[in-house]
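Residue numbers (my numbering): 8 to 180.
This is how it looks when you write it as structure tokens:
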């Protein structure tokens, strides 16, 4: 009898864990408004389209991991200024994106979080991380646009806290 009850408890625990994982599967729709006017979104390593695809994928991934399944996030990106700036070192080599304290990652966008057609939260946000070189992101990271992705990750964590009891912080960095 103990063994059977233990099996039921294990199954219940597994279902609870699976349910909590499935509970976070929110969706995001990302629209880039006039990307040809963005401050800085390309260099010779990544084209504008490739950089925007990285950001689009990252925002969608964050939504699926941090938002409840019934939530839909709409993001209209108005401007992007990637971390660092391209510098031509030689005609033989690709441009290098040099990171300096004076070239932080930045983004300006509007967002709206809805559930069942009802808007839960919305606003216009301007993000800038002046301390991006001192944050935990490694400059040796092989992830494309690591500093820029970290900017969005921190905004998500602050704006959409994972536990319902937490109060959200200001959405400006």
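Idealized CB from N, CA, C, for every residue including glycine. Treat the numbers as computed from the prediction; the structure is a model and nothing was measured.
Is residue 167 helix, strand or coil when you go by DSSP? coil
Measure the CB-CB distance between residue 135 and residue 85 and report whether it falls below 8 Å. no
Using alpha carbons as the reference points, say which of 112, 32, 44, 105 lies closest to residue 159. 112
Is it true that the CB of residue 59 sits closer than 8 Å to the CB of residue 7? Absent from the model: residue 7. The displayed extent of the chain is 8 to 180, so no value can be given.
If contacts are defined as beta-carbon pairs under 8 Å, then residue 80 and residue 33 qualify, I think. What distance do you get, rounded to the angstrom? 6 Å
Residue 80 lies in the beta strand (DSSP E); which residues open and close that run? 78-88
In chain order, what residues of the same chain lie with their CB nearer than 6 Å to the CB of residue 110, ignoring the 5 residues before and after it? 91, 92
With a Cβ-Cβ cutoff of 8 Å, do residue 48 and residue 151 count as a contact? The answer is no: Cβ separation not under 8 Å.
Please state the DSSP three-state secondary structure of residue 160. helix
Spatial neighbours of residue 139 in its chain, beta-carbon cut-off 7 Å, leaving aside the 5 residues before and after: 90, 111, 112, 154
Output yes or no for whether 8 Å exceeds the beta carbon distance between residue 120 and residue 65. no
Is the CB-CB distance between residue 87 and residue 45 below 8 Å? yes
Local conformation of residue 35 per DSSP, three classes: strand
Note down the Cα distance separating residue 166 from residue 128, rounded to an integer number of angstroms. Going from the Cα of residue 166 to the Cα of residue 128 covers about 9 Å.
What do you get for residue 108, buried or exposed, if any count of 16 or more other CB atoms within 10 angstroms of its CB means buried? Taking a 10 Å sphere around the C-beta of residue 108, we find fewer than 16 other C-beta atoms and assign the residue as exposed.
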